[in-house]
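Note that the UniProt record's numbering gives residue 107 to position 107 of the sequence shown, counting from 1, and the numbers run on in steps of one.
Comments concern the structure below.
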Amino acid sequence: MVNIDFGYYSEFEYGLFNDKASLVRYIYIYTYIYKKKKKKKKKKKKKKKKKKKKKKKKKKKKKKKKKKKKKKKKKKKKKKKKKKKKKKKKKKKKKKKKKKKKKKKKKKKKKKKKKKKKKKKKKKKKKKKKKKKKKKKKKKKKKKKKKKKKKKKIKIDKPFCFSVMSYNYKKCSSYFAKPSFCKLYL
C-alpha cells in the first residue's frame, strides 16, 4: 500500500499500477491538476478578496463622499442661515434707522408746527394788543373830543380870561379866587 497525501487524492493501491513509472506518471498528472486547481482556487480567492476589498473601498469612498456631501450641505445651510440672519439684522437695522429718521422728521415737523403756532399766536396777540391800543387811543381821543366839546359848553355868565385866552382860571396867574378879581379882566 502506497500512501500519498495531496488533497482529495490521498490513497492509491500499488496493485493498480504495473510499474513504478506509471505510478509516478499518475502522481505527476494528478499533482499538476491539483496544483492547477489549487492555483485557480487561490486566484479565485484572491479575486474574491480583491473584489471584496474594492467593494469595501468603494463603500468607504461612497460613505466618505456622502459624509463630505453632508458636511458641505451642512456648511452651506449654516452659511445660508448666517447670511439670512445677517440680512435680517441688516433689514432690522435699516428699519430701525428709518423709524428713527421718521421719528426725527416727525419731531422736527412738530417742533416747526409748534414754532409756527407760537409765532402765529404771538402775531395774533400783538395784533390784538395793537388793536386794543388803537381802540384805547380812539376811545381816549373820543373822550378827549367829548371833553373838549363839553368844555366848550360853558355858561355865558363865566367871564373869559385874556391872560391864558381861556375860560380855565386855574391856569391863570392873575386868578385870585373869583373872576371879578382878574386884573386883566378888570
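Beta carbons are placed, not taken as given, at the ideal position from N, Cα and C, and that holds for glycine.
Computed from a prediction, not measured in an experiment: that's the story for all the values here.
Rounded straight-line distance, which links the Cα of residue j to that of residue i
i	j	result
residue 187	Lys97	Because the chain in this structure spans residues 1 to 186, residue 187 falls outside the shown range and cannot be described.
residue 188	Lys44	Any answer about residue 188 is impossible in this case: the structure gives the chain only from 1 up to 186.
Lys129	Lys109	29 Å
Lys83	Lys57	37 Å
Tyr70	Lys61	Residue identity differs from the one stated: residue 70 is Lys in this sequence, not Tyr. Roughly 14 Å between the two C-alpha positions.
Tyr9	Lys36	Caution applies to Tyr9, whose pLDDT of 43 falls short of 50 and renders its modelled position unreliable; the value that the coordinates give is listed next. If I take the Cα positions, the gap works out to 14 Å.
Ile154	Lys136	Its pLDDT being 44, under 50, Ile154 is placed unreliably by the model, and nothing is read from it.
Lys41	Lys63	32 Å
Lys94	Lys80	20 Å
Lys127	Lys145	26 Å
Lys68	Lys53	22 Å
Lys112	Lys131	28 Å
Lys73	Lys66	10 Å
Residue i at chain B interface by Cβ criterion, 7 Å
i	result
Lys45	As a matter of chain content, chain B is missing from the structure shown, which is built from one protein chain.
>> Suppose only complete runs of 3+ residues qualify. What are the beta strand (DSSP E) ranges in the region 78–159, listed by chain order?
In response: none
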